[in-house]
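Letter by letter, the sequence shown follows residues 1 to 350 of my numbering. All residues carry an ideal CB built from backbone N, CA and C; glycine is no exception. All figures in this text were calculated on a predicted structure; none of them were measured in a lab. To start, the structure itself, in C-alpha cells.
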Amino acid sequence: MNTNGIKKKRILFITTGGTIACRDKGHGLAPELTPEELLAAVPGLDNVCDVTAYPLFRLDSTDMTPDRWLKLAGLVYDAMPDRYDGYVITHGTDTLAYAAATLACQLQHSDKPIVLTGSQLPLEALGSDAPGNLRDAFTWALTPGARGVRVVFAGRVIRGLRVRKRHTTDMDAFESVGCADSAMIRDGQVIRMGQTAQDTVVTDSPFLPPVRLYRSLNVRIALVHLTPGLDPEVVWQMGKGLKTLIVEGVGIGGIPESLTPVLTRLAVSGVRLVLTSQVPYGVCDFTVYRAGRRIGEAIESEAEAAPVAVTARDVPTEAAFAAAMYALAREEEGLSFAEQFRAALEDADL
C-alpha cells in the first residue's frame, strides 16, 4: 500500500455485516465480527492512514433494504464535513450490486472515494479472500484522484452503477457491465484501465458540482422476467399495485405481442415501465424490431401524459432498480419520472 509520502488520510470504515464478518456458532454463518477484528486483517494500515470504525449494521445482505441503504448514505454524507478523505464499507455480496447502485444514485458528485467490498469466504476461513479485498479497498480509498462509489473486489475496481454479481462461489465474483473496470489492483499497486473523466477528478476544480444527498426512495417496484407464454393476467396482478414495473424483455428489446395490451393497460393506469433486457451485455433498444417498437407505439396512442416508459440503456438491472426508486421519489416532488430516471443514469454513473 503506497501513499507516496502524502500526509496520512482519514478514512471512515463502516461495517454492515455480510460473509466477511461471519462466524458459524452451530446455526449457520451469521455476521459476528467487529470492525476492529476486520481491521486486524490489514496489518500496517495505521501506518498509512487514520481509520475511524463505525459498526452500522450486523446483517446478512439478504436482509439489507433500501431504507438501510438510505441510512448508510446519510451516514457517509453527514460525515463529510468531518473532513474524511474516503470511506470503506463492508457489505454482503448477495445484494452488494444493489447497494452500490443505490448509493451512487443517492450520493451524487462525490469528490471522495466511497468504496464497498466484502468477501466470498468469512475472514476467519482458510484461504479467505477477505484480507486481500480489505487491503485493496483501502488502497483504492487512498489513491489520489479516486472518487465516487466503487466496488473493489478480487483486485477489480468497478463503478457503482455498473456492477453485477456474476458467480456465487468464485473469488472473482463481480463484473462491470457496459464499460471497462475503473482500475485493477495488484500487490498494492493501482493499474488504471483506460482512465476517463468518470474515474478521476481534480478535487479543487471550480467546475466540480457539490456533492448531493437524496434522502428518499420509493420502493413500490417489482421486476418481471418475461418468459415465452407468460400469462398476461399474471403480469396484471403483479403490476397493478405498483408504482413501477421493471420489464426484462428478450434480446436487444423484445416483448411478446400477447403482453403488449396488459403492459399498455398498466402504463395508462399510472404504472411506470422500465424496459430492459435479460441479456447482460450490450445496449437495450426497443426500437430495432417490431416486437419491441409496438409497445412504445401502443402506450403513446393510449397515454396522453408525459412518457411513462423508459429504457434502461446498457446498465444492469440492479442499476435500473436503484434509478427507478430514485426517480419515483423525485416524481413525488413534481418532477418527471422519465427525466429523473435518465438523469440518474447520467449523474450517478461517475
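What residue range does the beta strand (DSSP E) around residue i cover?
i: M184; result: 183 to 186
i: A53; result: 49 to 59
i: Q340; result: Unbroken run through Q340 is the alpha helix (DSSP H), 337 to 347; no beta strand (DSSP E).
i: P261; result: Unbroken run through P261 is the alpha helix (DSSP H), 260 to 268; no beta strand (DSSP E).
i: S216; result: S216 -> no beta strand (DSSP E), and no H or E assigned at all.
i: E124; result: That residue, E124, is in no beta strand (DSSP E); it is neither H nor E in DSSP.
i: S277; result: 272 to 277
i: L245; result: 244 to 249
i: P113; result: 113 to 117
i: E175; result: 174 to 176
i: L226; result: L226 -> no beta strand (DSSP E), and no H or E assigned at all.
Which residue comes first and which comes last in the alpha helix (DSSP H) that contains residue i?
i: P31; result: Segment 29 to 31 is the beta strand (DSSP E) holding P31; no alpha helix (DSSP H) there.
i: Q237; result: 232 to 239
i: A101; result: 96 to 106
i: K9; result: Note, K9: premise wrong, no alpha helix (DSSP H); beta strand (DSSP E) at 9 to 17.
i: Y326; result: 317 to 331
i: V76; result: 66 to 79
i: G292; result: 290 to 302
Note down the Cα distance separating residue i from residue j, rounded to an integer number of angstroms.
i: A41; j: T15; result: 14 Å
i: G178; j: G160; result: 12 Å
i: A53; j: V262; result: 50 Å
i: E300; j: T65; result: 34 Å
i: I158; j: G26; result: 35 Å
i: A344; j: V48; result: 35 Å
i: R215; j: R265; result: 32 Å
i: D85; j: S119; result: 24 Å
i: P228; j: V279; result: 15 Å
i: R220; j: M325; result: 8 Å
i: D24; j: Y87; result: 28 Å
i: K7; j: A141; result: 14 Å
i: V51; j: L121; result: 24 Å
i: A291; j: L259; result: 11 Å
i: G282; j: D172; result: 21 Å
i: P366; j: R166; result: The requested residue 366 is not part of the displayed model; the chain covers only 1 to 350.
What residue from the options has the CA that sits closest to residue i's CA?
i: D136; options: L116, K112, L56; result: L116
i: G44; options: F174, E32, S258, P131; result: P131
i: F286; options: G253, L328, A21; result: G253
i: R58; options: D231, L39, A79, C22; result: C22
i: D94; options: D170, Y77, E257; result: D170
i: A348; options: L107, L29, R83; result: L107
i: A222; options: R166, T317, V211; result: T317
i: D67; options: L217, A319, A100; result: L217
Report, in whole angstroms, the separation of the C-beta atoms of residue i and residue j, which I expect to be a contact under 8 Å.
i: W69; j: T19; result: Their Cβ separation, rounded to whole angstroms, is 18 Å, which puts W69 and T19 out of contact at 8 Å.
i: T139; j: G188; result: 6 Å
i: L226; j: V250; result: 6 Å
i: R164; j: A97; result: 5 Å
i: T276; j: A320; result: 5 Å
According to the Cβ coordinates, are residue i and residue j closer than 9 Å?
i: R162; j: V315; result: yes
i: V357; j: G239; result: Residue 357 is absent from the structure shown; the chain starts at 1 and stops at 350.
i: V268; j: L245; result: no
i: I89; j: F174; result: no
i: K243; j: L328; result: yes
i: G17; j: D60; result: yes
i: R83; j: D111; result: no
i: L134; j: L38; result: yes
i: A338; j: R272; result: yes
i: I185; j: V149; result: no
i: G74; j: L213; result: yes
Is residue i close to the ligand MN? I mean its beta-carbon at under 8 Å from any heavy atom of the ligand.
i: M325; result: Among the components modelled here there is no ligand, and therefore nothing to report on the ligand MN.
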